[in-house]
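S.K.: Protein chains in written order, with numbering that gives the first Met the number 0: chain A, 0 to 68; chain B, 0 to 535.
Sending over a structure as structure tokens; questions will come in a sec.
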Amino acid sequence: MTTGEPGQPRTDRSPWNWLLVLPIVLPLLTFLFNADEPRLLGFPLFYWLQIAFIVVGVSCTTLVYRMTR
Amino acid sequence: MSGHVTELVVFVVLFLAVSVMGFVAARWRRPETIESLHEWGLGGRNFGSWITWFLVGGDLYTAYTFVAVPALVFGAGALGFYALPYTVVVYPLVFLVLTRMWSVSHVHGFVTPADFVRARFGSPTLALAIAITGLVATMPYIALQLVGIEAVLKSMGITGHLPIVIAFAILAAYTYQSGLRAPALIAFVKDALIYIVILVAVLYLPAKLGGWGSIFDAAKAKFDATPAPGDGITLNANNQLQYVTLAFGSALALFLYPHSLTGVLASKNRNVIKRNMSALPAYSLVLGLIALLGYMAIAAGTKPVVGANGRPDTNTIVPRLFDQLFPDWFTGVAYAAIGIGALVPAAIMSIAAANLFTRNIYREYLNKDATDAQEAKVSKVVSLVVKVGAVLCILLLDPQFSIDLQLIGGVIILQTLPAVALGLYTRWFHRGGLLAGWAAGLAAGMWMLYLIPNPANGKAHFGGSAFPLANFGFDTKMTLYAGFLALIVNLVVAVLGTLAFRAAKVADGPDATRREHYFVDEGDPRVKDLDLTGSH
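This is the structure in structure tokens:
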């Protein structure tokens, strides 16, 4: 903090932020996953695909965090 | 009762061990003095990534979640699984919002959402409305934690209220003593226990029940056999929008609760928050698996405990499942995980409620010249009062009533969104417009909840949060989450109100924040200077 510019304007805008839209929208599109078949390890599509969306969420937020810190 | 001795011993031993930790916590990361609200209520605001992860997680995933979500899946099927998309959506949604809240709070010394609203919109009245909304929404949430503990106790054959009173007396004592440090430290134990229990449950139980495929088939067979139209292992045409709006509406509401903000503000810098928003979904995986315990209970043919009123209490379904399939000692561990899981959020919630009262009601209206020590003192006492109130809720009221209150709580806390969350992005709204929107949203929400019956338990009003669109005259069986509809009403009124107040040239409040305050980070000289707002 010796630059003498503590009031330097900053912002949280970044094109990377748009990546956050994906995990917000994807889990809300019920037509993507509202079915029993195909099953994975006995899990109906409805369950395994939504669990898979957790991975999408973690990847997107982690990427945005790394790119904007 | 005699069949539950091992469970009871393990439960009591773990519960007591954690209580000792709560008292020792006052010495952990010891500050020079704990006699200030920042120290007691926010742990000195210097928690790093790991502690924040446990603290925020400990606070969002409560005992009630572990008990109620599988109970919902047990009863209704796919609709109950909304808890998973809800916790996937919430973190990217608040990723940027919370970092702004952290920055502006650290510049101005805000401890509650109402503090922010007061400074941003220059309106003590709007701040009071936000503070009271927060208090009213938090109280039943604390009471619900007791429902979680009660479900465990009932499954061990223990009836009566004395054990709960003892548990909460212990909780009250160590929160009084250690502030936020107590739940932060205990959250480690709680999470470790929960992870062990869930890992064992999802590996061991399906093997005992013939694999995941047959668990889902058993659930499907049960729902196919019932006459209820809304259940099933997938959604139907009428409840898809309910699923989506419930998940999205709950995600919007989560960080408006004062207690979730407490954990966020206690983190060290902006990056700690961002890193946590990427790591917290690890809990979502656990939550998804916990939800599926409801189906395991169906496959195992578990029967819930029948309550005093002669109706089965579905909240006991998970404790009963554990009792049925785990060895006794491990059931005790699982019960302790749920019980301790109730204490952490209850402690954080009562601290947040106490902060709200102290900052936005006591200092604003009762004692304008309160010193730091006075504020901390009042906060500690109020946190006790809040917990006594929660215990009284359980002792005096039907537990079903606290579940209803919680339902209402979610709908009303959403009505603070325009002022708190949108306020972080825009100062366009007029304080009068926001107040009008808040009132209209509350009224609309209450009206909709009042109209919703619950055929399952024969209640005519406040029977759920699924609002049938048929009430608007549409010829459909489709339902939507009432809180989401109320929020739309709120926003429309806030926009129209703002335009009207501007047109009528009604004076707007001053904005004490400046644009750059929303981006400052640890190391900036403004961040450390908490005296800026005159907290003395």
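Ideal placement from N, C-alpha and C gives every residue a C-beta, glycine not left out.
Alpha carbon to alpha carbon, what distance is there between residue 80 (chain B) and residue 535 (chain B)?
M.R.: The pLDDT assigned to residue 535 (chain B) is 26, lower than 50, so where the model puts this residue is not dependable; a value taken from the coordinates is nonetheless given after this. In a straight line, the C-alpha of residue 535 (chain B) is about 47 Å away from that of residue 80 (chain B).
S.K.: What in chain A is Cβ-close to residue 267 (chain B), meaning under 9 Å?
M.R.: Near residue 267 (chain B) there are no residues of chain A at all, since even the closest Cβ is about 14 Å away, more than 9 Å.
S.K.: Please name the residue, chosen from A:15, A:63, A:11, A:29, that lies closest to residue 48 (chain A) on a Cα-to-Cα basis.
M.R.: A:29
S.K.: Quick check: what's the CA-CA separation for residue 217 (chain B) versus residue 295 (chain B)?
M.R.: 9 Å
S.K.: Determine which residues of the region 67-99 of chain B have a Cβ less than 8 Å from any Cβ of chain A, and write them out in chain order.
M.R.: 77, 80, 83, 84, 87, 88, 90, 91, 92, 94, 95, 98, 99
S.K.: Applying a beta-carbon distance threshold of less than 7 Å, which residues of chain A neighbour residue 276 (chain B)?
M.R.: 60
S.K.: Taking any Cβ of chain B, which residues in the region 16-29 of chain A have a Cβ under 9 Å from it, in chain order?
M.R.: 16, 18, 19, 20, 21, 22, 23, 24, 25, 26, 27, 28, 29
S.K.: Run through DSSP, which three-state label would residue 254 (chain B) get?
M.R.: Residue 254 (chain B) sits in coil when the DSSP states are folded into three classes, being neither helix nor strand.
S.K.: Considering only residues of the same chain and omitting the five flanking positions on each side of residue 221 (chain B), which have a CB-CB separation below 6 Å?
M.R.: 297
S.K.: Whole angstroms are fine: how far does the CA of residue 471 (chain B) sit from the CA of residue 406 (chain B)?
M.R.: Spanning the alpha carbons of residue 406 (chain B) and residue 471 (chain B) requires a straight line of approximately 22 Å.
S.K.: Find the nearest neighbour of residue 269 (chain B) within the set B:253, B:341, B:490, B:95, judged by alpha-carbon distance.
M.R.: B:95
S.K.: Would you report the Cα separation of residue 559 (chain B) and residue 53 (chain B), rounded to the nearest angstrom?
M.R.: The requested residue 559 (chain B) is not part of the displayed model; chain B covers only 0 to 535.
S.K.: Do we get a CB-CB distance below 8 Å when we pair residue 243 (chain B) with the residues of chain A?
M.R.: Taking CB atoms only, residue 243 (chain B) has a neighbour in chain A less than 8 Å away.
S.K.: Got a sec, what are the start and stop residues for the alpha helix (DSSP H) residue 16 (chain B) sits in?
M.R.: 4-23
S.K.: Going straight from the alpha carbon of residue 458 (chain B) to that of residue 447 (chain B), what length do you get?
M.R.: Using only the alpha carbons, I get a separation of about 15 Å.
S.K.: Compute the beta-carbon to beta-carbon distance between residue 444 (chain B) and residue 481 (chain B), rounded to the nearest angstrom, for a pair I have assumed lies under 8 Å.
M.R.: 6 Å
S.K.: How about residue 37 (chain A): is its C-beta nearer than 8 Å to some C-beta of chain B?
M.R.: With 8 Å as the cut-off, residue 37 (chain A) does not count as an interface residue toward chain B.
S.K.: Among B:522, B:515, B:508, B:20, which residue has its Cα nearest to the Cα of residue 188 (chain B)?
M.R.: B:20
S.K.: What do you reckon, are the CB atoms on residue 568 (chain B) and residue 69 (chain B) nearer than 8 Å?
M.R.: Since the displayed chain B opens at 0 and closes at 535, residue 568 (chain B) lies outside it and no answer follows.
S.K.: Our contact map puts residue 487 (chain B) next to residue 256 (chain B) with C-beta atoms below 8 Å; I'd like the distance itself, whole angstroms only.
M.R.: Between residue 487 (chain B) and residue 256 (chain B), the beta carbon gap of about 20 Å keeps them out of contact (Cβ cut-off 8 Å).
S.K.: With respect to the alpha helix (DSSP H) encompassing residue 280 (chain B), which residues constitute its N-terminal and C-terminal limits?
M.R.: 280-299
S.K.: What's the call for residue 36 (chain A), buried or exposed, on a 16-neighbour Cβ count within 10 Å?
M.R.: exposed
S.K.: Between residue 394 (chain B) and the rest of its own chain, which residues show a CB-CB distance below 7 Å, the 5 nearest in sequence each way excluded?
M.R.: 160
S.K.: Counting contacts by CB-CB distance shorter than 8 Å, is residue 533 (chain B) in contact with chain A?
M.R.: Bear in mind that the predicted position of residue 533 (chain B) carries a pLDDT of just 27, short of 50, making it unreliable; the figure below should be weighed with that in mind. Cβ-Cβ to chain A under 8 Å: no for residue 533 (chain B).
S.K.: Please confirm if residue 101 (chain B) has its CB atom under 8 Å from at least one CB of chain A.
M.R.: no
S.K.: Are the Cβ atoms of residue 229 (chain B) and residue 430 (chain B) separated by less than 8 Å?
M.R.: no
S.K.: Chain A partners of residue 207 (chain B), CB-CB under 7 Å?
M.R.: Near residue 207 (chain B) there are no residues of chain A at all, since even the closest Cβ is about 14 Å away, more than 7 Å.
S.K.: With respect to the beta strand (DSSP E) encompassing residue 86 (chain B), which residues constitute its N-terminal and C-terminal limits?
M.R.: Per DSSP, residue 86 (chain B) belongs to no beta strand (DSSP E); it is in the alpha helix (DSSP H), 82-107.
S.K.: For residue 166 (chain B), tell me which candidate among B:142, B:180, B:184 has the shortest Cα-Cα distance.
M.R.: B:142
S.K.: Quick check: residue 479 (chain B) and residue 239 (chain B), are their CB atoms within less than 8 Å of each other?
M.R.: no
S.K.: So residue 246 (chain B) contacts chain A; which residues on that side make the cut at Cβ distance below 8 Å?
M.R.: 26, 27
S.K.: Excluding the 5 residues flanking residue 353 (chain B) on each side, which residues of the same chain have their C-beta closer than 6 Å to its C-beta?
M.R.: Around residue 353 (chain B): 378, 381, 382.
S.K.: Which runs of the beta strand (DSSP E) fall wholly inside the region 445-502 of chain B and span at least 3 residues, in chain order?
M.R.: 465-467, 478-480
S.K.: Examine the Cβ distances between the region 489-509 of chain B and the region 80-91 of chain B and report whether three or more of them are shorter than 8 Å.
M.R.: Under the 8 Å Cβ criterion, the region 489-509 of chain B does not count as touching the region 80-91 of chain B, having fewer than three qualifying pairs.
S.K.: Could you tell me whether the region 193-201 of chain B touches the region 324-338 of chain B, using the rule of 3 or more Cβ pairs below 8 Å?
M.R.: yes
S.K.: Indicate the three-state DSSP secondary structure (helix, strand or coil) for residue 529 (chain B) in the structure shown.
M.R.: Note on residue 529 (chain B): pLDDT 32, under 50, position unreliable in the model; the coordinate value appears next. Helix at residue 529 (chain B).
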